[in-house]
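Undergrad: I have a structure I would like to understand better, so I am pasting it below and will then ask my questions one at a time.
Protein chains: 2
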Amino acid sequence: MTIGQIARKSGLRASAIRFYERTGLIPKPSRVNGQRRYDDRVLDCLVLIEFAKSCGFTLDEIRQLFGGFTDLGEFRNRTPVLGRVRGLAERKIHELDALISRIEVMKATLARAERCRCVDAEECARRIRGLAEC
Amino acid sequence: MTIGQIARKSGLRASAIRFYERTGLIPKPSRVNGQRRYDDRVLDCLVLIEFAKSCGFTLDEIRQLFGGFTDLGEFRNRTPVLGRVRGLAERKIHELDALISRIEVMKATLARAERCRCVDAEECARRIRGLAEC
DNA sequence: ATTTGACTTAAAGTGGGCTTTAAGGCTTAC
DNA sequence: GTAAGCCTTAAAGCCCACTTTAAGTCAAAT
Chain A
-8 MTIGQIARKS
2 GLRASAIRFY
12 ERTGLIPKPS
22 RVNGQRRYDD
32 RVLDCLVLIE
42 FAKSCGFTLD
52 EIRQLFGGFT
62 DLGEFRNRTP
72 VLGRVRGLAE
82 RKIHELDALI
92 SRIEVMKATL
102 ARAERCRCVD
112 AEECARRIRG
122 LAEC
Chain B
-8 MTIGQIARKS
2 GLRASAIRFY
12 ERTGLIPKPS
22 RVNGQRRYDD
32 RVLDCLVLIE
42 FAKSCGFTLD
52 EIRQLFGGFT
62 DLGEFRNRTP
72 VLGRVRGLAE
82 RKIHELDALI
92 SRIEVMKATL
102 ARAERCRCVD
112 AEECARRIRG
122 LAEC
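Here the protein sequences come in this chain order: A and B.
In terms of my numbering, the first sequence is numbered consecutively and its last residue is 125.
In terms of my numbering, the second sequence is numbered consecutively and its last residue is 125.
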């Protein structure tokens, strides 16, 4: 399949697929007349990448997860991948917990701001400075 | 006060304060020999901006909140500001709720991924595609 | 023969929120 | 008079995950 067909099947843009290849996220396919030719296995690759992205992993982290396997044959043997997934997944869950905590603080702060009764910006700023000192 | 003194008092870098001025977030101060000279009121401005940032507002949104008031005198009368704060705060709370929901989905997905028992990448990809169809 | 459509590349652009750089000016202390 | 230490500007750089652009190649259809 050409890159355009892979793009349509995967829902990604061809430019994104080329970018993933350039940055070592997916293997370099064979070529016919200079054009990339793929088989179905790269679609599995792309599905796993999208899945990892939807979990909040960056492309750098995804390279750590799967990227050692630019050879698709090795990539398909998931045993060594599984260990890294567990480690990074656990770390990412903690990161997401921390993120949620920060967002909860923002929400609480906003809820207080909605009830703000300061008469001017100076009073408002003074109260905010007071909070920071707590 | 010079921009350096404001920077030390506010904890911001001078470059950030210049950037805020350039982008219409804070008023243009008077000058002596081409150098900016501030009075204390800009510190209130900066405190409110940092506060809004800590609530998750972008600089664009902060301009909507306070930015009409490049004249500090007007800015200090918070009455017209309050209405905009309530509207934007409510909207932002909903945005943050949506964000938390997305993060919770990520966490649940990661928890499932940690228990993954697929024998190869193809099986994994097939299961993930199945999820998308749910 | 030429048009259409899909592909190729390297390089530059996007957005957000700044920071850094390069080149210079002005004041104060020695 | 010269060095230190503050300030000035416009423009470029940074991070991330791509997209867009410009200029070109190639095969099939008309």
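We put the CB at the ideal spot given by N, CA and C, even for glycine.
Identify which residue in B:E114, B:I84, B:L34 has its Cα closest to the Cα of R103 (chain A).
TA: The shortest C-alpha separation from R103 (chain A) is found at B:I84.
Undergrad: Compute the Euclidean distance between the alpha carbons of E55 (chain B) and V33 (chain B), then round it to the nearest angstrom.
TA: Here residue 55 (chain B) is Gln; the residue named in the question, Glu, does not match the sequence. In a straight line, the C-alpha of Q55 (chain B) is about 18 Å away from that of V33 (chain B).
Undergrad: Check the C-beta distance from L37 (chain A) over to L3 (chain A) and give it rounded, since I have them as a contact under 8 Å.
TA: The Cβ separation is near 6 Å, so the contact holds.
Undergrad: For a test of the three-state rule: what should DSSP assign to R28 (chain B), helix, strand or coil?
TA: In the structure shown, R28 (chain B) sits in a strand (DSSP, three-state: E or B).
Undergrad: Does the Cβ-Cβ distance between L50 (chain A) and L16 (chain A) come in under 8 Å?
TA: Yes, the Cβ-Cβ distance between L50 (chain A) and L16 (chain A) is below 8 Å.
Undergrad: What are the start and end residues of the alpha helix (DSSP H) that includes R9 (chain B)?
TA: Counting along the chain, the alpha helix (DSSP H) containing R9 (chain B) begins and ends at 5 to 13.
Undergrad: Quick check on K19 (chain B): buried or exposed, where buried means 16 or more other Cβ atoms within 10 Å of its Cβ?
TA: Result: exposed.
Undergrad: Return the bridge partner residues of R22 (chain B) from the DSSP annotation.
TA: Paired residues: B:R27.
Undergrad: Give the single residue among A:R22, A:E81, A:M97, A:N24 whose Cα lies nearest to the Cα of E52 (chain A).
TA: Closest by alpha carbon: A:E81.
Undergrad: Under 8 Å between C-beta atoms, does D30 (chain B) make it to chain A?
TA: For D30 (chain B), the answer is no, since every Cβ of chain A falls outside 8 Å of its Cβ.
Undergrad: For M97 (chain B), collect the residues of the same chain with a Cβ closer than 8 Å to its Cβ; drop the 5 residues on either side in sequence, then sort them by chain order.
TA: Same-chain partners within the cutoff: there are none.
Undergrad: Hey, does S1 (chain B) have any beta-carbon neighbour from chain A nearer than 8 Å?
TA: Not one chain A Cβ lies under 8 Å of S1 (chain B).
Undergrad: I need the straight-line Cα distance from T(-7) (chain B) to E12 (chain B), nearest angstrom please.
TA: Distance between the alpha carbons of T(-7) (chain B) and E12 (chain B) is about 14 Å.
Undergrad: Excluding sequence positions up to five away, which residues of its chain have a Cβ less than 8 Å from the Cβ of C107 (chain A)?
TA: Only C115 meet the Cβ criterion.
Undergrad: Please classify S1 (chain B) as buried or exposed, where buried requires at least 16 other C-beta atoms within 10 Å of its C-beta.
TA: Label assigned to S1 (chain B): buried.
Undergrad: Going straight from the alpha carbon of A112 (chain B) to that of S92 (chain A), what length do you get?
TA: Cα to Cα, the separation comes out at about 34 Å.
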